[in-house]
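Visitor: There's a structure below that I have some questions on.
Below you can see the structure in the form of structure tokens.
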């Protein structure tokens, strides 16, 4: 398409934020671009127009902050459906205007195909000379969403980095453009505790040189990355990448040189970090973003040898079942990509599925290693290792009794005796 042609389309579809959001009507299903790529100006205007709306279903993969539509004064207007929950949704859950949709991230594009999404709210860069906008810091399922939604409304933001991979969308695929240049949402790194740093060091012992890794988010994930500085030739194929990944690239630790697919490329579906990360990825052909049905696809991951999946959890039972979703009256996380990457690691030659978590919760008053879980995200037969600050429990191929002994051994010392006693009582086998 010639420049004059796409510019005509783009200019005709430029509109005000008020007019764009006025396309949303009561009863509509609206899907928001996720997390740090949330189109803040569009969301703010949606909340401003809430009084004319009833029963608008808002779908999101991951909550962006500050999540204005979850405020109590929005409860009578919006019904929230989330694939990855957070504490920002507590009030909405308790008031029964939010519900959790447990779908693996690899299958979100499939889910979108079967739903009738009325409106997609996304964020893109200004178009390039060929009329293509860039999705910037998050691809996730947005490409599928653009194709399936009845109406696509894009916030055009020149603050978005121009990233590589499957990140381009032509102006002809978008129905309305709203220009709003503003800083992107960010997730600053927290400082891991000594306990979390110890966990990271144990995890690093399990990762050989030239392995490919997937690491989740949070302080434990950061502690793992900080513990990898002495490794060589690591690859990355992950859901998210964070600021510490760039440091490992600069140190020559991450080279992606042994990856059978996307060699020499750091692959993810979203950038979750700060402006430092976003600038690093700008026009960087060695960092590539793809949809979740590629990044989280176990069949794709299985082609990468020595793939190591490293994820955290809320709780684990003494047989190795994992709860990564809920411990109270509402979900605080979700299925996410945990099972996708665990399954991919198990199919990878030399791969490992690793779960890392602190041994206690609630300031040391409660063990995270349990006799029984209220919710199960990943099943025991899929987990190779569980790591706490007290060591590594190897689970693959172990009997139930051997698993219980190994996990009790890495529980906090204050809870080991009670766990052993409960296990002995439950199975009539001395732990």
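Numbering (our numbering), first residue to last: 1427 to 1857.
Built from N, CA and C at the ideal position, the CB exists for glycine as well.
Any idea which residues DSSP pairs residue 1661 with across the strands?
Guide: The count along the chain shown starts at 1 and reaches residue 1661 at position 235. Note: residue 1661 sits in a beta bridge opposite 1638.
Visitor: How many angstroms separate the CA atom of residue 1701 from the CA atom of residue 1592?
Guide: By 1-based counting over the chain shown, the position of residue 1701 is 275. By 1-based counting over the chain shown, the position of residue 1592 is 166. When only Cα atoms are considered, residue 1701 and residue 1592 end up about 21 Å apart.
Visitor: Would you mind stating whether residue 1722 and residue 1777 have Cβ atoms separated by less than 8 Å?
Guide: Taking the chain shown and counting its residues from 1, one reaches residue 1722 at position 296. Taking the chain shown and counting its residues from 1, one reaches residue 1777 at position 351. Contact flag unset, no.
Visitor: How big is the Cα-Cα spacing for residue 1525 and residue 1744?
Guide: By 1-based counting over the chain shown, the position of residue 1525 is 99. By 1-based counting over the chain shown, the position of residue 1744 is 318. Distance between the alpha carbons of residue 1525 and residue 1744: 29 Å.
Visitor: Go ahead and label residue 1675 buried or exposed: buried means 16 or more other beta carbons lie within 10 angstroms of its beta carbon, across all protein chains shown.
Guide: Sequence index remark: in the chain shown, residue 1675 carries index 249 (1-based). Per the 10 Å Cβ criterion, buried.
Visitor: If residue 1772 and residue 1808 are in contact, beta carbons under 8 Å, what's the gap, nearest whole angstrom?
Guide: Numbered from its first residue, the chain shown carries residue 1772 at position 346. Numbered from its first residue, the chain shown carries residue 1808 at position 382. Indeed, because the Cβ distance is near 6 Å, the residues count as touching under 8 Å.
Visitor: What ranges does the alpha helix (DSSP H) occupy inside the segment 1453 to 1499, keeping only unbroken runs of at least 4 residues that lie completely in it?
Guide: 1466 to 1474
Visitor: Return the chain-ordered ranges of every alpha helix (DSSP H) run that is complete within the segment 1721 to 1789 and spans a minimum of 4 residues.
Guide: 1724 to 1727 and 1764 to 1773
Visitor: Mind checking which residues open and close the beta strand (DSSP E) that includes residue 1522?
Guide: Here residue 1522 refers to the residue found at position 96 of the chain shown. No beta strand (DSSP E) contains residue 1522, which DSSP labels as neither H nor E.
Visitor: In terms of DSSP beta bridges, what is residue 1794 paired with?
Guide: The sequence position of residue 1794 within the chain shown is 368, counting from 1. DSSP output for residue 1794 lists no bridge partner at all.
Visitor: Which residues does DSSP list as the beta-bridge partners of residue 1833?
Guide: Looking up residue 1833 in the chain shown gives position 407. DSSP, once it has assigned bridges, lists no residue as partnering residue 1833.
Visitor: Apart from the five residues just before and just after residue 1698, which ones in its own chain have a Cβ nearer than 7 Å to its Cβ?
Guide: Taking the first residue of the chain shown as 1, we reach residue 1698 at position 272. The answer, listed in chain order, is 1461, 1462, 1613, 1643, 1666 and 1668.
Visitor: Alpha carbon to alpha carbon, how far is residue 1532 from residue 1686? Give it in angstroms, no decimals.
Guide: Within the chain shown, numbered from 1, the residue matching residue 1686 stands at position 260. Within the chain shown, numbered from 1, the residue matching residue 1532 stands at position 106. A direct Cα-to-Cα measurement between residue 1686 and residue 1532 gives close to 20 Å.
Visitor: So residue 1472 and residue 1487 are in contact, right, with Cβ under 8 Å, and what is the actual spacing, rounded?
Guide: Counting from 1 along the chain shown, the entry for residue 1472 is found at position 46. Counting from 1 along the chain shown, the entry for residue 1487 is found at position 61. No, residue 1472 and residue 1487 are not in contact; Cβ-Cβ is about 17 Å, not under 8 Å.
Visitor: Short check: CB of residue 1565 to CB of residue 1715, under 8 Å?
Guide: Residue mapping note: residue 1565 aligns to position 139 of the chain shown, counting from 1. Residue mapping note: residue 1715 aligns to position 289 of the chain shown, counting from 1. The answer is yes: Cβ separation under 8 Å.
Visitor: Just to confirm, is the Cβ distance from residue 1600 to residue 1626 under 8 Å?
Guide: Walking along the chain shown from the start, residue 1600 turns up at place 174. Walking along the chain shown from the start, residue 1626 turns up at place 200. Their beta carbons are not under 8 Å apart, which means residue 1600 does not touch residue 1626 by this criterion.
Visitor: Using the DSSP secondary-structure output, state which residues sit across from residue 1678 in a beta bridge.
Guide: Residue numbering aside, residue 1678 sits at position 252 when the chain shown is read from its first letter. Note: residue 1678 sits in no beta bridge, so no partner.
Visitor: Alpha carbon to alpha carbon, what distance is there between residue 1846 and residue 1840?
Guide: Looking up residue 1840 in the chain shown gives position 414. Looking up residue 1846 in the chain shown gives position 420. When rounded, the distance between both Cα atoms is 12 Å.
Visitor: Grouping DSSP H, G and I as helix and E and B as strand, with all else coil, what is residue 1823?
Guide: Looking up residue 1823 in the chain shown gives position 397. Coil at residue 1823, not helix or strand.
Visitor: Indicate the three-state DSSP secondary structure (helix, strand or coil) for residue 1715 in the structure shown.
Guide: Mapped onto the chain shown, residue 1715 falls at position 289. Looking at residue 1715 - three-state DSSP - the assignment turns out to be strand.
Visitor: Determine, using beta carbons only, whether residue 1457 and residue 1546 come nearer to each other than 8 Å.
Guide: The residue you call residue 1457 lines up with position 31 of the chain shown. The residue you call residue 1546 lines up with position 120 of the chain shown. Result yes, Cβ atoms of residue 1457 and residue 1546 sit closer than 8 Å.
Visitor: Across which residues does DSSP place residue 1406 in a beta bridge pair?
Guide: In the structure as shown, the chain begins at 1427 and stops at 1857. Residue 1406 is therefore absent and cannot be evaluated.
Visitor: Does the beta-carbon distance from residue 1454 to residue 1476 come in below 8 Å?
Guide: By 1-based counting over the chain shown, the position of residue 1454 is 28. By 1-based counting over the chain shown, the position of residue 1476 is 50. Their beta carbons are not under 8 Å apart, which means residue 1454 does not touch residue 1476 by this criterion.
Visitor: Of all the options 1798, 1762 and 1732, which has the alpha carbon lying nearest to the alpha carbon of residue 1528?
Guide: The residue given as residue 1528 occupies position 102 in the chain shown. Nearest of 1798, 1762 and 1732 to residue 1528, Cα basis: 1762.
Visitor: My parser needs the alpha helix (DSSP H) runs of 4 or more residues fully inside the segment 1518 to 1586; what are they?
Guide: 1534 to 1540 and 1568 to 1574
Visitor: Indicate whether the contact test is met: 3 or more Cβ pairs, each with one atom in the segment 1725 to 1732 and one in the segment 1578 to 1597, closer than 8 Å.
Guide: no
Visitor: Flag this pair as yes or no: are the beta carbons of residue 1824 and residue 1832 separated by less than 8 Å?
Guide: Here residue 1824 refers to the residue found at position 398 when the chain shown is read from its first residue. Here residue 1832 refers to the residue found at position 406 when the chain shown is read from its first residue. Yes.
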